[in-house]
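The block underneath contains the structure these notes are about, expressed in structure tokens.
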Amino acid sequence: MTLKRSDFRFFHRLRVRWAEVDMQKIVFNAHYLMYFDTAITDYWRAVALPYEEAMHHLAGDLYVVKATVEFHASARMDDQIEVAMKCSRIGNSSLTFTGAIFRGDEHLISGEIVYVFADPATQSSRPVPQALRDILLGYEAGEPVFTVDIGDWAALGVGAQAVRTEVFVQEQRIPKELEHDSADLTAVHALVRNRLGQALATGRLIPSGTPGVSQLGRLAVKRVLRGSDLGKQVLLALVAAARARGDREVMLHAQHSAIGFYDRLGWQRRGDVFEEAGIPHQEMFLPL
Numbered sequence: 545m546t547l548k549r550s551d552f553r554f555f556h557r558l559r560v561r562w563a564e565v566d567m568q569k570i571v572f573n574a575h576y577l578m579y580f581d582t583a584i585t586d587y588w589r590a591v592a593l594p595y596e597e598a599m600h601h602l603a604g605d606l607y608v609v610k611a612t613v614e615f616h617a618s619a620r621m622d623d624q625i626e627v628a629m630k631c632s633r634i635g636n637s638s639l640t641f642t643g644a645i646f647r648g649d650e651h652l653i654s655g656e657i658v659y660v661f662a663d664p665a666t667q668s669s670r671p672v673p674q675a676l677r678d679i680l681l682g683y684e685a686g687e688p689v690f691t692v693d694i695g696d697w698a699a700l701g702v703g704a705q706a707v708r709t710e711v712f713v714q715e716q717r718i719p720k721e722l723e724h725d726s727a728d729l730t731a732v733h734a735l736v737r738n739r740l741g742q743a744l745a746t747g748r749l750i751p752s753g754t755p756g757v758s759q760l761g762r763l764a765v766k767r768v769l770r771g772s773d774l775g776k777q778v779l780l781a782l783v784a785a786a787r788a789r790g791d792r793e794v795m796l797h798a799q800h801s802a803i804g805f806y807d808r809l810g811w812q813r814r815g816d817v818f819e820e821a822g823i824p825h826q827e828m829f830l831p832l
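FYI, in this note's numbering the residues of the sequence shown are 545 to 832.
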């Protein structure tokens, strides 16, 4: 089966490691199945589904019933390869994923993995939920897999608070009383939700105290979906809201580990690193 890059929307890039090469100085055959499995894990992020929570919401889970790999050419140590993946068929209770591994435009490996949707307790098959069917088929058709809503605390607070509690209180162990404050009631909030309605990322915009300058804060993305562009979408939505109301600048206090994220989006640093809630921060700003 010969496949082309144009057959796929989703690609996962990786570099072949020394530990994956055999005595013939090519990738050991079993690792290709691992590459496909790694790509499918990233595919769930691409469709904005936190896998464990999503499957719990859908009252089922996916179990592999068949996996095949077809070899056309070999990858070698230090090759940069891309693992393409698509949901190619959805049956009554099964889902088929077709994969291909490319080195540039060269098609090296083909793969197919068939899952069955089943009850986790009994592992007996169940029909694929319509919601999951719609998400996968919609993604492959080029449809968006999440929405970004702008609104007040009354409209978005439940979802925003759930994400912030998970990220700031449970993960980063910031005291709950520091995470939530009265500014939420007057702030402009952004909330990302997937097609299951699950809250995935959030942020808010409040007055900075300087006329014409807003402060962006409480930017949080669920851990398993980081790196999938959701934080960027929250940021862009709040910057657009600030620009629309006539602000001349947006500033924020970036956690030190996130400075690079803001650097890449054109934000500028101002002042020295300081500590806030026990975490190093850097003030950054973006002229509008």
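Even glycine gets a Cβ: it sits at the ideal position worked out from N, Cα and C. As the structure is a computational prediction, the values presented were derived from the model and not from experiment.
Every unbroken beta strand (DSSP E) within the stretch 707-775, with a cutoff of 3 residues, ordered by chain: Fully enclosed beta strand (DSSP E) runs of 3 or longer: 732-738, 743-751 and 757-765.
Beta-carbon gap between residue 701 and residue 662 smaller than 8 angstroms: Looking up residue 701 in the sequence shown gives position 157. Looking up residue 662 in the sequence shown gives position 118. With respect to the 8 angstroms criterion, residue 701 and residue 662 are not classified as neighbours on the basis of their beta carbons.
Residue 912 - containing beta strand (DSSP E), residue span: Residue numbering for the chain in the displayed model covers 545 to 832; residue 912 lies beyond these limits and cannot be assessed.
Span of the beta strand (DSSP E) around residue 643: Numbered from 1 along the sequence shown, position 99 holds the residue referred to as residue 643. For residue 643, the uninterrupted beta strand (DSSP E) segment begins and ends at 638-647.
N- and C-terminal bounds of the alpha helix (DSSP H) containing residue 812: For the purposes of this step, residue 812 is identified with residue 268 of the sequence shown, where counting begins at 1. Counting along the chain, residue 812 sits inside no alpha helix (DSSP H); it lies in the beta strand (DSSP E) bounded by residues 812-820.
Cα-Cα separation, residue 590 to residue 556: Counting from 1 along the sequence shown, the entry for residue 590 is found at position 46. Counting from 1 along the sequence shown, the entry for residue 556 is found at position 12. Each residue's alpha carbon lies about 10 angstroms from the other.
C-alpha distance - residue 679 paired with residue 627, whole-angstrom precision: By one-based count along the sequence shown, residue 679 stands at place 135. By one-based count along the sequence shown, residue 627 stands at place 83. Roughly 21 angstroms separates the two Cα atoms.
3 or more residues per run - each beta strand (DSSP E) lying fully within the stretch 653-700: DSSP runs (the beta strand (DSSP E)) wholly in the stretch 653-700: 690-695.
For residue 591, three-class secondary structure by DSSP: On the sequence shown, residue 591 is found 47 positions in, with the first residue counted as 1. Three-state DSSP puts residue 591 in coil, outside helix and strand.
Enclosing beta strand (DSSP E) for residue 633 [first to last residue]: Stepping through the sequence shown from its first residue, residue 633 is reached at position 89. Counting along the chain, the beta strand (DSSP E) containing residue 633 begins and ends at 624-634.
Per DSSP, the bridge partner or partners of residue 828: Translated into the one-based positions of the sequence shown, residue 828 becomes position 284. According to the DSSP secondary-structure assignment, residue 828 is paired through a beta bridge with 796 and 813.
Beta-carbon proximity of residue 677 to residue 634, cut-off 8 angstroms: As a first step, residue 677 is located in the sequence shown; it is residue number 133 there, counting from the start. As a first step, residue 634 is located in the sequence shown; it is residue number 90 there, counting from the start. A Cβ-Cβ contact shorter than 8 angstroms links residue 677 with residue 634.
Buried or exposed (CB count within 10 angstroms, at least 16 for buried), residue 650: As a working note, residue 650 is residue 106 in the sequence shown. Per the 10 Å Cβ criterion, exposed.
Whole-number beta carbon distance between residue 695 and residue 733, since they are thought to touch under 8 angstroms: Looking up residue 733 in the sequence shown gives position 189. Looking up residue 695 in the sequence shown gives position 151. Right, their Cβ atoms sit about 6 angstroms apart.
Cα-Cα separation between residue 600 and residue 755, rounded to whole angstroms: Along the sequence shown, read from residue 1 onward, the residue named residue 600 stands at position 56. Along the sequence shown, read from residue 1 onward, the residue named residue 755 stands at position 211. Each residue's Cα considered, the two are about 46 angstroms apart.
Option in 653, 757 and 672 with minimal Cα separation from residue 606: Position 62 of the sequence shown, counting from 1, holds the residue named residue 606. It is 672 whose Cα lies nearest to the Cα of residue 606.
C-alpha distance - residue 763 paired with residue 683, whole-angstrom precision: Residue numbering aside, residue 763 sits at position 219 when the sequence shown is read from its first letter. Residue numbering aside, residue 683 sits at position 139 when the sequence shown is read from its first letter. Distance from the CA atom of residue 763 to the CA atom of residue 683, rounded to whole angstroms, is 26 angstroms.
Enclosing alpha helix (DSSP H) for residue 605 [first to last residue]: Numbered from 1 along the sequence shown, position 61 holds the residue referred to as residue 605. First-last for residue 605: 605-615, but that is the beta strand (DSSP E), not the alpha helix (DSSP H).
C-beta atoms of residue 644 and residue 571 nearer than 8 angstroms: Here residue 644 refers to the residue found at position 100 of the sequence shown. Here residue 571 refers to the residue found at position 27 of the sequence shown. No. Outside cutoff.
Nearest to residue 705 (by Cα), restricted to the options 820, 760, 766 and 675: For the purposes of this step, residue 705 is identified with residue 161 of the sequence shown, where counting begins at 1. Checking every option, the nearest Cα to that of residue 705 belongs to 766.
Residue range of the alpha helix (DSSP H) that includes residue 805: Locating residue 805 in the sequence shown gives position 261, counting from the first residue. First-last of the alpha helix (DSSP H) with residue 805: 803-808.
Three-state class that DSSP yields for residue 702 in the structure shown: In the sequence shown, counting from the first residue as 1, residue 702 sits at position 158. In the structure shown, residue 702 adopts helical secondary structure according to DSSP, grouped into three states.
Local conformation of residue 560 per DSSP, three classes: Position 16 of the sequence shown, counting from 1, holds the residue named residue 560. Here residue 560 sits in coil by DSSP.
Other residues of its chain near residue 625: CB distance less than 8 angstroms, five sequence neighbours each side excluded: For the purposes of this step, residue 625 is taken as the residue at position 81 of the sequence shown. Correct list, in chain order: 557, 558, 559, 560, 579, 619, 645, 646, 647 and 652.
8 angstroms Cβ cutoff met for residue 785 and residue 832: Taking the sequence shown and counting its residues from 1, the one referred to as residue 785 is at position 241. Taking the sequence shown and counting its residues from 1, the one referred to as residue 832 is at position 288. The beta carbons of residue 785 and residue 832 sit no closer together than 8 angstroms.
Cβ pair residue 707, residue 666 closer than 8 angstroms: As a first step, residue 707 must be located in the sequence shown, where it is residue number 163. As a first step, residue 666 must be located in the sequence shown, where it is residue number 122. In this structure, residue 666 does not lie closer than 8 angstroms to residue 707 by Cβ.
Coil, strand or helix - residue 554 by DSSP: Residue numbering aside, residue 554 sits at position 10 when the sequence shown is read from its first letter. In this structure, residue 554 counts as strand in the three-state DSSP scheme.
Secondary structure of residue 584, DSSP reduced to three states: Translated into positions along the sequence shown, residue 584 becomes position 40. It is helical.
Nearest-angstrom beta carbon gap, residue 794 and residue 830 [assumed within contact, 8 angstroms]: As a first step, residue 830 must be located in the sequence shown, where it is residue number 286. As a first step, residue 794 must be located in the sequence shown, where it is residue number 250. With 8 angstroms as the limit, residue 830 and residue 794 qualify as a contact, their Cβ atoms being about 5 angstroms apart.
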